[in-house]
Amino acid sequence: MARLQACGVIMAGGRSTRMGRNKALLPVGGRRLVEHVADLFRDLFEQVLVSTNEPETYAFLGLPAVADRIPGSGPLGGIEAGLKASRFRAAFFAACDMPLLNRDLIAYLVSLAADHDAVVPRVDGQWETLHAVYTRDALPAVTAQLDSGDFKVARFFPRVRVRAVEEAELARFGPPRRLFFNCNTPQEYEEALRLFGAGPEPPEG
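Read in order, the letters of the sequence shown correspond to residues 1 to 205 in the UniProt record's numbering.
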């Protein structure tokens, strides 16, 4: 498929407190977790960025890094930085520890952004804010939310046109637990190792 006319932003600013070490660099299936995301994004997007305040840690990826304007602002700060650096109106943001990203779902979410400021999956009533599309039209609301000192991502949603993608719509791409699988804990990392245990390549999907 042709590359999407959008930016892919890898969110690598987390502190990995539950994992106890930098989860982005953990090996799974012959590659580090963040490399699974980076390799897919290179194939999928015209522009790829890494959102991090430690650019030297991710220099091996060979991708431009963008830093938060407000240190300690979490994913919301990364969303602002990514949107400001994007050459495109729409940017897809994903956490660095998601080795099972589904390219068809990502392309579908990006396609929905034409008529919305943000496109965000929602599972069991919870927003998947780090597997979502945000556009430059949402940037003023993101910046205002940051400047308020409240760094919870979903708090700016009432001020923009959000397209929620619910479970029934997500189902054709696979079970949500697989679509949004990430490695926040040692137990989830062990599960990733089991999933990739058959060989160096990730499972289909």
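Idealized CB from N, CA, C, for every residue including glycine.
- Residue pairing from DSSP places leucine 4 in a beta bridge opposite Phe45.
- In the three-state scheme derived from DSSP, where H, G and I count as helix and E and B as strand, arginine 161 is classed as coil.
- Under the DSSP assignment, alanine 81 falls in the alpha helix (DSSP H) whose first and last residues are 74 to 85.
- Residue nearest to alanine 85 within the set Glu191, Cys7, Pro75 and Arg172 is Cys7 (criterion: CA-CA distance).
- When only Cα atoms are considered, cysteine 183 and arginine 159 end up about 31 Å apart.
- Across the set Glu166, Val48, Asn53 and Gly78, the C-alpha of Val48 shows the shortest separation from the C-alpha of proline 64.
- Of all alpha-carbon atoms in Asp124, Val110, Ala192 and Glu56, the one lying nearest the alpha-carbon of phenylalanine 41 is that of Val110.
- When DSSP states are grouped into helix, strand and coil, histidine 36 belongs to the helix group.
- Around the beta-carbon of threonine 135, 16 or more other beta-carbon atoms lie within 10 Å, marking it buried.
- If you check the CB distance, phenylalanine 60 and valine 9 do not come in under 8 Å.
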